[in-house]
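2 protein chains.
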Amino acid sequence: MWFNCQDQQGGIIATMTSNDSQQPTGLVWERLQQQSAGGRLALSRDQIIRAAIAVADAEGAQSMTMRRIATELGSTAMALYRHVFSKDDLLDLMLDAVFGEIALPQQPSGDWRADLRTFAYESRAVLKRHAWVMPLLISRPTLGPNYLRWFEFALASVARHGLDTTTMAQIVGVVSGYVSATVSYEVAEEEHTRRIGLSEADKRALAAPYIQRVIASGHYPTFARFFTEEVSLDPEQSFAFGIECVLDGIEVQLSKRSAT
Amino acid sequence: MWFNCQDQQGGIIATMTSNDSQQPTGLVWERLQQQSAGGRLALSRDQIIRAAIAVADAEGAQSMTMRRIATELGSTAMALYRHVFSKDDLLDLMLDAVFGEIALPQQPSGDWRADLRTFAYESRAVLKRHAWVMPLLISRPTLGPNYLRWFEFALASVARHGLDTTTMAQIVGVVSGYVSATVSYEVAEEEHTRRIGLSEADKRALAAPYIQRVIASGHYPTFARFFTEEVSLDPEQSFAFGIECVLDGIEVQLSKRSAT
DNA sequence: ATACTTATATATACAATGTATACTAACCAC
DNA sequence: GTGGTTAGTATACATTGTATATATAAGTAT
């Protein structure tokens with residue numbers, strides 16, 4: 241153990257002493273929660289993850305600071321580092337915790353279309369509950385246990401009658417892609433409104449003169465129809481359309497494949 | 241003009257003097273580039289946007305700092321604020337500049353399937369060139385002129401034979417959703433690799449023991465097939481599959497609609 | 001040319017953030 | 001008790017966006 245060297249030479253090795261009780265490299269999922277043999281016990285990793293999610297849900301992504309999370313727990317920022325290696329690690333853990341909330345049957349039913357539909361709706365519901373998730377998910381490849389379970393369900397839903405692995409993955413990619421993109425856009429609106437601190441109505445009012453000029457320019461006639469026809473898209477209906485559309489596409493591809 | 245009051249009372253009004261030469265509220269697209277009548281001329285807004293994009297392309301999203309962009313131009317961070325109201329504004333402008341790179345015909349050809357396919361491939365190509373774009377796009381609703389042109393093209397591609405505005409938007413949503421999700425995931429891998437500063441091979445090697453344990457657990461049999469069968473997905477092929485799948489789905493929906 | 005106006009760039013400063021380092025205190029085994 | 005181990009605290013620092021104040025240069029009016 242390199243703890244011994246600590247006091248003698250504060251130089252190079254100093255980076256790995258004291259707080260760095262965990263390896264600096266490797267995946268989060270391999271950094272197990274080592275259990276107390278001494279020390280006062282107050283915090284736990286799960287507690288921290290829960291608190292972080294609560295803060296992010298309530299106050300948005302920009303409030304997910306180590307200090308804010310710590311005060312939520314009546315503790316200090318540095319105390320958290322006893323339980324998570326870095327903020328990045330914490331984000332990975334939060335992400336996986338959210339995937340854990342997605343309620344899916346243990347096994348697919350066998351009706352791939354119904355299974356993927358369930359997968360899509362359940363995923364959307366949970367991801368919308370946590371508006372901070374999508375930007376995170378999109379910028380970090382994740383392999384946590386809950387994410388894997390989620391992914392496995394989707395794969396297993398289409399893994400039948402000798403479909404090759406590649407095609408399976410591609411099909412799941414289309415469904416999960418549509419879901420994540422849709423949720424991203426839905427949620428971005430809300431988060432943006434929160435960030436600039438205006439009501440939805442105020443925001444619209446603010447944009448109105450610009451929109452008017454855009455329409456008046458005549459360069460965007462099809463886009464303009466949304467405003468002249470006063471169309472407002474219902475997210476639920478749009479999502480339903482999109483999912484059935486994607487499932488229809490998959491069905492076409494599947495029938496092409498079984499035809500040959 | 242409130243400039244007159246400047247020296248007398250440094251209090252409340254001081255917030256709007258000096259550097260705040262632009263309105264603090266409203267859309268970026270309404271903050272026009274006011275042109276020089278005095279002052280030394282060196283920077284321009286376009287120059288800043290280009291420099292910012294260059295830095296982000298070359299060094300990743302976390303290098304997009306005001307100081308870094310300024311040094312790229314041989315200037316200082318605060319000088320940039322003469323030309324952009326805030327970093328947020330700059331990000332919006334960068335985003336729109338990238339959409340300007342997406343080469344699309346002036347008008348759709350009339351073959352909606354070919355048009356949407358072009359739309360998808362062109363978009364993907366450009367968005368992949370700028371790895372920092374997707375997380376940004378996904379977390380901020382944008383309405384810049386180039387974005388609108390891009391969106392208009394897609395809408396116009398399907399705006400025919402009395403299709404209602406809502407359905408048009410939903411169709412475009414499915415296509416653009418698939419594209420953005422796919423690009424996001426493709427790009428996230430690269431960016432993540434860059435962030436942690438390892439080669440692709442090193443990263444894989446690092447994850448290997450974890451993956452092995454995941455497979456050995458037996459909980460993810462379908463997922464495990466990717467490794468036991470040594471499948472590696474070709475992004476080009478997957479994208480082609482996904483797009484055709486989505487287009488097939490749209491075709492089904494369209495034929496349902498014209499049938500009724 | 002000279003003075004005035006206004007746009008532009010710089011210098012400095014500050015609050016917020018992630019986290020390194022060093023210290024203190026609680027619990028366990030003996 | 002004593003020693004060791006670990007959890008939590010205090011402090012400090014580099015980096016960020018950006019407010020404020022000042023200096024400078026390009027036009028314009030005289």
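Top line first, the protein sequences correspond to chains A and B.
Following the numbering used here, the numbering of the first sequence begins with 241 at its first residue and continues without gaps.
Following the numbering used here, the numbering of the second sequence begins with 241 at its first residue and continues without gaps.
Even glycine gets a Cβ: it sits at the ideal position worked out from N, Cα and C.
(request) For chain A, find out if any of its Cβ atoms is closer than 9 Å to the Cβ of Glu362 of chain B; answer yes or no. (result) no
(message) If you measure between the beta carbons of Met334 of chain B and Ala292 of chain B, is that distance less than 9 Å?
(response) yes
(request) Measure from the alpha carbon of Glu299 of chain A to the alpha carbon of each residue in A:Gly437, A:Lys443, A:Asp329 and A:Ala448, then state which is nearest. (result) A:Gly437
(message) For a contact defined as C-beta to C-beta under 8 Å, what are the partners of Ala337 of chain A on chain B?
(response) Those do not exist, as Ala337 of chain A stays about 18 Å from chain B at its closest Cβ, beyond 8 Å.
(message) Can you tell me whether Gly304 of chain B is helix, strand or coil according to DSSP?
(response) It should be pointed out that residue 304 of chain B corresponds to Met in this sequence rather than to Gly. In the structure shown, Met304 of chain B sits in coil (DSSP, three-state: anything other than H, G, I, E or B).
(message) For a quick check, are the C-beta atoms of Val398 of chain B and Ile411 of chain B less than 9 Å apart?
(response) yes
(request) Compare the C-beta of Ala441 of chain B with all C-beta atoms of chain A and state if any pair is closer than 9 Å. (result) no
(request) Run the CB neighbour count on Pro449 of chain A, radius 10 Å, all protein chains shown included, and call it buried at 16 or more, exposed below. (result) exposed
(message) So for Gly482 of chain B, helix, strand or coil by DSSP?
(response) helix
(message) Within 9 Å of any Cβ in chain A, is that where the Cβ of Gln452 of chain B sits?
(response) no
(request) Below 8 Å on the Cβ atoms is my guess for Thr422 of chain A versus Arg364 of chain A; work out the distance and round it to an integer in Å. (result) 7 Å
(message) Tell me which residue opens and which closes the alpha helix (DSSP H) that Thr316 of chain A is part of.
(response) No alpha helix (DSSP H) holds Thr316 of chain A; DSSP gives it neither H nor E.
(message) So that I know if they touch, is there some Cβ in chain B lying closer than 9 Å to that of Val486 of chain A?
(response) yes
(request) Mind listing the chain B neighbours of Leu395 of chain A? Cutoff is C-beta to C-beta under 7 Å, in chain order. (result) Thr462 and Phe463
(message) Short of 6 Å in beta carbon distance, which residues of its chain neighbour Ala394 of chain B, apart from the five on each side in sequence? Order them along the chain.
(response) Phe359 and Val412
(request) Could you tell me whether the Cβ of Ile342 of chain B comes closer than 9 Å to any Cβ of chain A? (result) no
(request) Kindly say whether Ala354 of chain A, judged by its beta-carbon, lies nearer than 9 Å to any beta-carbon of chain B. (result) no
(message) By the DSSP assignment, the alpha helix (DSSP H) with Asp329 of chain B in it spans what residues?
(response) Lys327 to Glu341
(message) Is there a C-beta anywhere in chain A that falls below 9 Å from the one on Pro345 of chain B?
(response) no
(request) Let me know the secondary structure DSSP gives Glu431 of chain B once reduced to three states. (result) helix
(message) Suppose the cutoff is 6 Å on Cβ atoms and the five residues either side in sequence are ignored; what does the same chain contact list for Val373 of chain A look like?
(response) Val338 and Leu367
(message) Among the candidates A:Glu312, A:Val414, A:Arg400 and A:Arg369, whose CA atom is the shortest distance from the CA of Asp351 of chain A?
(response) A:Arg400
(request) Determine contact between the stretch 441-459 of chain B and the stretch 444-461 of chain A, defined as no fewer than three beta-carbon pairs at a distance below 8 Å. (result) no
(message) Let me see if you follow: with CB-CB separation under 9 Å, is Ser416 of chain B close to chain A or not?
(response) yes
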